[in-house]
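Report on the structure given below.
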Amino acid sequence: MVVFIHEFDVLKGNTLSWTNGNAEALEGLEFTVLPSGIHLRERDTIYFQFNGKSGLAVFRQNSLDLDASQHHIDRSQVKMFSFGTLFDEKMDYEQLSLYEKGMKTALEEWWEDHDYNVLEKWDAKRNHDEISSFNFNDTCVEVGPIVLQLWRCALLHNRVLVLNKGVEVKKCNMLCHLITTMGKLEQSVYDNEMTITMLNTEKYKSSESWCATTSDEILMYETDLYDKLVIWDATGIHLRDHDHEVKCNEVDFSIYKSLTSDDLSKFNYQYESSIIWSKLIIDGLFLIFTGNMYKPWYHVEIEPVENPDFYRYFVERTRRIYSQSKTIIENNPDQDTIYQGASILTTFQLDYFHDAEFLRQLTQQWFGKPIIPNYIDLSFLF
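Okay, so the sequence shown: first residue is 79 according to the working numbering, each after it adds one.
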């Protein structure tokens, strides 16, 4: 295990101030533990992977305090430091989070006098918490209804890049852990690469499934790097394909609403009711002829959830889709492509009009055979 201090020097840039290990082995790490944009925050935490090992860095600076107390900042008084630990073994987000509190305490004790004995003592004790600070449900509540679309990305093992535009690095690391956790619900491998920079992206272009966060905005234009882009800025969390924003549909919004009692008005920007003329016409006909007593066949009935739990919901829903799809596949052993009535989408609580391609990709990935929904020919309506 190696501990170190990286400093942002206003004249020299990011520099390694001290380490108890081999300085050459840490070369290039300074841009990860002092990522672009971190100077906008007083404190933050960075989770990262480096040369096959896992690490954690806690950041603190004083320029915001100087800005509040002085009309003009004396650059010689600015202090920006990241105290980091590179562990010998590979850990996930929750395992690393156990050391965060102890490292923050060590950094605070070191801050005034720069007594490196404090950091050496932490190295020796490696004091840590017993329970991770990560909470699956709380993170889903913070993310909003778009978490249902992120769940789709996770099941498909998309390469997801989370672009941090002015929020805490730790929050983006937490979102990456949420996404990769959802992608592992069927015991498959989905890598959380935690924090990356423009200096170490080449290997990810050829990797098949991963999620990571970056503060380097230039990476959003390298569209061969990722499948989906998440932008987290002051306005909220936005999911994008290469050419358009992806929003949650009516079914997703209803499901999310059944899982939380929170006011969802702050997440209205994540929802979009797309105009599909055939749906509008059929909805109108059912309203006229049934007085809204009956719903169209594509309507998904969302029952209230007792004791809502996001983690349990995603686990059970994923297993249900997997097991029912597996049964369909096994019942059609001689078919390379299996066609089913589009009502299968509502059975899976998926959107009748938008999720056919998702189901095709998912079943192809799981079983090597796609299930393709067959739609009723509605051309006579036009």
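Heads up, the beta-carbon is just placed ideally off N, CA and C, and yes, glycines get one too.
key: Exposed unless 16 or more other CB atoms sit within 10 angstroms - verdict on Thr-97   = buried
request  = Could you please give the first and the last residue of the uninterrupted alpha helix (DSSP H) stretch that includes Cys-326?
outcome  = Per DSSP, Cys-326 belongs to no alpha helix (DSSP H) and is neither H nor E.
inquiry  = Helix, strand or coil, according to DSSP, for Ser-457 in the structure here?
reply    = For Ser-457, the pLDDT reaches just 48, beneath the cut-off of 50, and the residue's location in the model is therefore unreliable, leaving the point undetermined.
inquiry  = Bridge partners for Gln-173 per DSSP, in chain order?
reply    = The partner list for Gln-173 (beta bridge, DSSP) is empty, contrary to what the question assumes.
8 Å Cβ shell around Asp-269 - same chain, five flanking residues per side excluded = Thr-258, Ser-285, Ser-287, Trp-288, Cys-289
Buried/exposed call for Ser-457, threshold 16 Cβ in 10 Å = Only weak support is given to the placement of Ser-457: the predicted model assigns it a pLDDT of 48, under 50, and the value that follows is read from those uncertain coordinates. With fewer than 16 other Cβ atoms from the protein chains shown falling within 10 Å of its own Cβ, Ser-457 counts as exposed.
request  = Return helix, strand or coil for Thr-338, following the three-state DSSP convention.
outcome  = coil
query = Mapping DSSP to helix, strand and coil, what is Met-79?
reply = coil
ask   = Considering only residues of the same chain and omitting the five flanking positions on each side of Gln-402, which have a CB-CB separation below 8 Å?
value = Thr-425, Phe-426
inquiry  = Can you give me the C-alpha to C-alpha distance between Leu-176 and Gly-133, rounded to a whole angstrom?
reply    = 12 Å
query = On the premise that Met-272 lies in contact with Trp-229, defined as a C-beta separation below 8 Å, what is that separation, rounded to the nearest angstrom?
reply = Actually they are not in contact, since the Cβ atoms of Trp-229 and Met-272 sit about 20 Å apart, beyond 8 Å.
key: Three-state secondary structure (DSSP) of Glu-187   = helix
request  = Would you check if the segment 101 to 116 and the segment 204 to 217 touch, i.e. whether three or more CB-CB distances between them fall below 8 Å?
outcome  = no
message = Three or more C-beta pairs under 8 Å: does that hold for the segment 196 to 205 against the segment 231 to 249?
response = Contact annotation: the segment 196 to 205 does not touch the segment 231 to 249, with fewer than three C-beta pairs closer than 8 Å.
Inter-residue Cα distance where the pair is Lys-168 and Val-267 = Their Cα atoms are separated by approximately 15 Å.
ask   = Relative to the alpha-carbon of Ala-312, which residue among Lys-283, Leu-263, Lys-249 has its alpha-carbon at the smallest distance?
value = When only C-alpha atoms are compared, the closest one is Lys-249.
From Phe-137, Val-81, Glu-102, residue whose alpha carbon lies closest to that of His-117 = Phe-137
key: Spatial distance of Ile-399 from Leu-253 (CA atoms)   = 24 Å
task = Name, in chain order, the residues that DSSP records as bridge partners for Ser-421.
result = In the DSSP secondary-structure assignment, Ser-421 is not bridged to any residue.
request  = Would you check if the distance between the CB atom of Lys-131 and the CB atom of Phe-165 is smaller than 8 Å?
outcome  = yes
message = Short of 6 Å in beta carbon distance, which residues of its chain neighbour Gly-180, apart from the five on each side in sequence? Order them along the chain.
response = These residues qualify, in order along the chain: Asn-205, His-206.
ask   = Just curious, the alpha helix (DSSP H) that Arg-397 is in, first and last residue?
value = If you look at Arg-397, you'll find it in the alpha helix (DSSP H) that goes 388 to 408.
key: Rounded straight-line distance, which links the Cα of Pro-223 to that of Thr-93   = 41 Å
key: Whole-Å CB distance - Thr-279 paired with Glu-295, under 8 Å assumed   = Not quite, the Cβ-Cβ distance comes to about 13 Å (not below 8 Å), so this is no contact.
ask   = Per DSSP, Arg-318 forms a beta bridge with which residues?
value = Leu-307, Glu-323
request  = Enumerate in chain order the residues of its own chain whose CB-to-CB distance from Asp-122 is below 7 Å, with the five nearest sequence positions on each side excluded.
outcome  = Ile-116, Phe-137, Glu-246, Val-247, Lys-248
task = Could you confirm whether any beta carbon from chain B is found closer than 8 Å to the beta carbon of Tyr-171?
result = Judged by its chain identifiers, the structure shown contains no chain B, having just a single protein chain.
task = Kindly give me the distance between the Cβ atoms of Asn-452 and Gln-413, rounded to whole angstroms, as I take these residues to be in contact under 8 Å.
result = The C-beta distance from Asn-452 to Gln-413 rounds to 13 Å, too long to fall under 8 Å, and the pair is not in contact.
inquiry  = Within 10 Å of its beta-carbon, does Lys-306 have 16 or more other beta-carbons around it, so buried, or fewer, so exposed?
reply    = buried
Through-space distance from Asp-429 to Gln-139, alpha-carbon basis = 47 Å
task = Would you mind giving the Cβ-Cβ distance between Asn-251 and Thr-291, rounded to the nearest angstrom? I have them listed as a contact below 8 Å.
result = 6 Å
task = Would you kindly work out how many angstroms separate the C-alpha atoms of Leu-500 and Trp-189, rounded to a whole number?
result = Any property of residue 500 remains undetermined from this structure, which presents the chain solely from 79 to 460.
request  = Return the residue from the list Leu-277, Lys-283, Lys-281, Cys-231 that minimises the CA-CA distance to Lys-262.
outcome  = Cys-231
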